[in-house]
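In the working numbering, the protein residues as written are 163 to 655.
Even for Gly, the Cβ is constructed at its ideal location relative to N, Cα and C.
Computed from a predicted structure; not experimentally measured.
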Amino acid sequence: MRFLHILGFTLLLCGLCVRAEEETVKEAEDSSEEDTEPEKPEKTDEITEEKDVLVLHSVNFDRALSENKYLLVEFYAPWCGHCRSLEPIYAEVAGLLKNESSEARLAKVDAAEERDLAAEFNVDSFPTLKFFKDGNRQNVTDFSGKRTVKGITRWLERHTGPSATVLNDVKSVEALLDANDVVVVGFFQDLEGDKAKTFYDVTLIAVDVNFGITSNLELFKKYDVKSDSLVLFKKFDERRADLPLTEESKLDKGEMISFIQTNSMKLVIPFNEENAEQIFSSKVRNHMILFINTTVESQNALLEDFRDVASEFKEKVLFITLDVTSDKVDHVLKYFSVSANDAPIIRLINTKKVVTYTMEGSTINKDALRTFCQGVLDGTVKPFLKTQEIPEDWDKNPVKVLVGKNFNKVAFDETKNVFVEFYAPWCGHCQQLAPIWDELGEKYKDHENIVIAKMDASENDVENVTIPGFPTIKYFSAGAEKKVSRMSFKNTT
């Protein structure tokens, strides 16, 4: 029976989505009938430019590869919003490279038109950026940097020039350390060995970090390095971190990258646009946040205790400060149900489970921070669950409105099969799904044992129900042992 209910819901949703898709396609067809496309010019091997970006297609692609030592190619679709957002950034980088007479150039391919090229290079999403070196179309590198002017430029510099500075004496080491806040130096007795080769692979991935490499035994002695090692030098916190490599150890890129990411972060990280990516890409999923007003001296004084406790939980918890007076933090305050007047206040979020925790009491010191942090890790501190008030008309429409306060009563009702959409009001995909979900509710409104419901998951939390993104659809089957199924649907609208 449970399977039949799920199958029925699935077929109905798919049918509604297909209908929406067919309407969209029909609109596109109608539009194409009204608009007469101009005749396209014949393709030649001549290479034209748009805003310093080479325009490539099947006929001139080989020529572009042969004439440019380094070529970064964007495979795009004219209708793609992300491609349009990237366009001015891409053009700016292209102009910088051209003005510098760089050996690297930027190019683009309309993948919707040039389907054979897209298939050859396994392009399955837009925009996709591929890096070609020395005209080789067999060994192509996927662009893995940030899609910003600085990010693209930095990535290209790393892939077209020396990725690590060869260090031959103390003077060269000191110059590199003085010029950068974080430097990773590979100490290898054999620069042609497997460990050194893995190190060079990492330098092409961690492009935001500066690298040096040496086999000079005098430098081993000077910096007290006993064997092949990675040493991360930094101008903050403990100043240095070592990763010794024994003869027996099998080092992989993941281990190196994890070491670099963990130790290049400050013990206490200010939350801002510059640090956001570093915070959210961290493998440490517990994030402790101190909300403070930096214009109040007594609140700034809390940072010393916060930093001391951070050192005790390194690699287990990230310690983050958020200035409530900063611009662009309103959405963060709202998410944690915190106002600027609440500072100083502590919240902890597990970004994997997407659950938050509140530190009880108004005293923020080492003991309170340590006890709270350990309690979350041990599971003795329970999550803080947001909830709106139950609307008076929550059950008057075919789609029932759930909030934190009535979720368990409805979703875990043993007599009902409950289908819930977890949404956010600002989510575009949720907005597309809304009329389909309403129609689903209308379809099953007279079934006493079936409930179609929705919950604003940006304002309400439910314990032990993980919402990885929006929209998320979950099915709570009837019965004494309630089973929860997450359902996935391709967005076709």
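List the residues that DSSP assigns as beta-bridge partners of residue i.
i, result
"LEU234", "LEU268, PHE293"
"TYR385", "DSSP output for TYR385 lists no bridge partner at all."
"THR520", "ARG509"
"ASP304", "LYS292"
"ASN579", "ILE612"
"GLU282", "Answer is none; GLU282 lacks a bridge partner."
"VAL430", "PHE481"
"VAL217", "THR210, LYS270"
"VAL646", "PHE638"
"ARG402", "PHE395"
"THR327", "GLY374"
"ASP618", "TYR585"
"PHE546", "THR518"
Return the first residue and the last residue of the alpha helix (DSSP H) that residue i is part of.
i, result
"MET418", "415-426"
"ILE441", "435-442"
"ILE375", "Segment 372-376 is the beta strand (DSSP E) holding ILE375; no alpha helix (DSSP H) there."
"PHE534", "528-540"
"VAL111", "With the chain covering only 163 through 655, there is no way to say anything about residue 111."
"ARG246", "243-261"
"ALA472", "464-474"
"ALA358", "356-365"
"PRO597", "590-605"
"ARG316", "311-322"
"ALA337", "332-341"
"ASP224", "223-229"
"LYS490", "Where LYS490 is concerned, there is no enclosing alpha helix (DSSP H), given that its DSSP letter is neither H nor E."
Would you mind sorting residue i into buried or exposed? The rule is 16 or more other CB atoms within 10 Å of its CB.
i, result
"GLY374", "buried"
"TRP588", "exposed"
"ASP485", "buried"
"PHE468", "buried"
"ASP197", "Because ASP197 sits at a pLDDT of 47, beneath the cut-off of 50, its placement in the model cannot be relied upon, and the following sentence gives the value as read from the coordinates. So ASP197 counts as exposed."
"VAL346", "buried"
"VAL235", "buried"
"LEU227", "buried"
"THR119", "Nothing can be reported for residue 119, as the shown portion of the chain is limited to 163 through 655."
"GLN461", "buried"
"PRO633", "buried"
"HIS609", "exposed"
"LYS544", "exposed"
"ARG277", "exposed"
"PRO240", "exposed"
"ASN298", "exposed"
"LEU175", "In this prediction, LEU175 has a pLDDT of 49, which is less than 50 and means its spatial position is unreliable; what the coordinates show is noted afterwards. Result: buried."
"VAL332", "exposed"
"LYS558", "exposed"
Considering only heavy atoms of the ligand COA, does any lie closer than 7 Å to the CB of residue i?
i, result
"ASP370", "Ligands are entirely absent from the displayed structure, and the ligand COA is therefore not among its contents."
For the beta strand (DSSP E) holding residue i, just list the boundary residues, first then last.
i, result
"LYS636", "634-638"
"LYS562", "561-564"
"ALA274", "Looking at the DSSP string, ALA274 is not in any beta strand (DSSP E), and its letter there is neither H nor E."
"VAL393", "391-396"
"ASP485", "479-485"
"PHE715", "Only positions 163 to 655 of the chain appear in the structure, and residue 715 is not among them; the question remains open."
Would you tell me roughly how many angstroms separate the C-alpha atoms of residue i and residue j, rounded to the nearest one?
i, j, result
"GLU643", "LYS571", "15 Å"
"THR206", "LYS476", "59 Å"
"GLU576", "ILE451", "39 Å"
"GLU195", "LEU248", "Caution applies to GLU195, whose pLDDT of 43 falls short of 50 and renders its modelled position unreliable; the value that the coordinates give is listed next. Rounded to the nearest angstrom, the two C-alpha atoms are 30 Å apart."
"GLY416", "LEU510", "27 Å"
"GLY177", "ALA502", "Because GLY177 sits at a pLDDT of 45, beneath the cut-off of 50, its placement in the model cannot be relied upon, and the following sentence gives the value as read from the coordinates. Answer to the nearest angstrom: the Cα atoms are 47 Å apart."
"LYS384", "PHE305", "38 Å"
"ASP363", "ILE419", "10 Å"
"LYS388", "THR424", "23 Å"
"ARG246", "ARG402", "43 Å"
"ILE422", "PHE574", "45 Å"
"GLU380", "ASP390", "14 Å"
"THR408", "SER334", "26 Å"
"HIS493", "GLU604", "34 Å"
"ILE441", "MET617", "28 Å"
"ASN455", "ALA505", "6 Å"
"LYS636", "LYS578", "14 Å"
"PRO324", "GLY313", "17 Å"
Would you mind giving the Cβ-Cβ distance between residue i and residue j, rounded to the nearest angstrom? I have them listed as a contact below 8 Å.
i, j, result
"PRO289", "HIS321", "Between HIS321 and PRO289 the Cβ distance is about 18 Å, and since that is not below 8 Å, they are no contact."
"TYR238", "ALA273", "6 Å"
"GLY566", "LYS548", "6 Å"
"THR487", "THR457", "6 Å"
"ASP399", "LEU353", "The Cβ separation is near 30 Å, so there is no contact."
"ASN372", "LEU338", "7 Å"
"ILE612", "TYR606", "5 Å"
"ASN230", "GLU208", "Their Cβ separation, rounded to whole angstroms, is 15 Å, which puts ASN230 and GLU208 out of contact at 8 Å."
"ILE614", "PRO553", "The pair is not a contact, with the Cβ atoms about 16 Å apart (cut-off 8 Å)."
"ASN622", "GLN550", "6 Å"
Of all Cβ atoms in chain C, is any one closer than 8 Å to the Cβ of residue i?
i, result
"GLU276", "The structure shown has no chain C; it contains just one protein chain."
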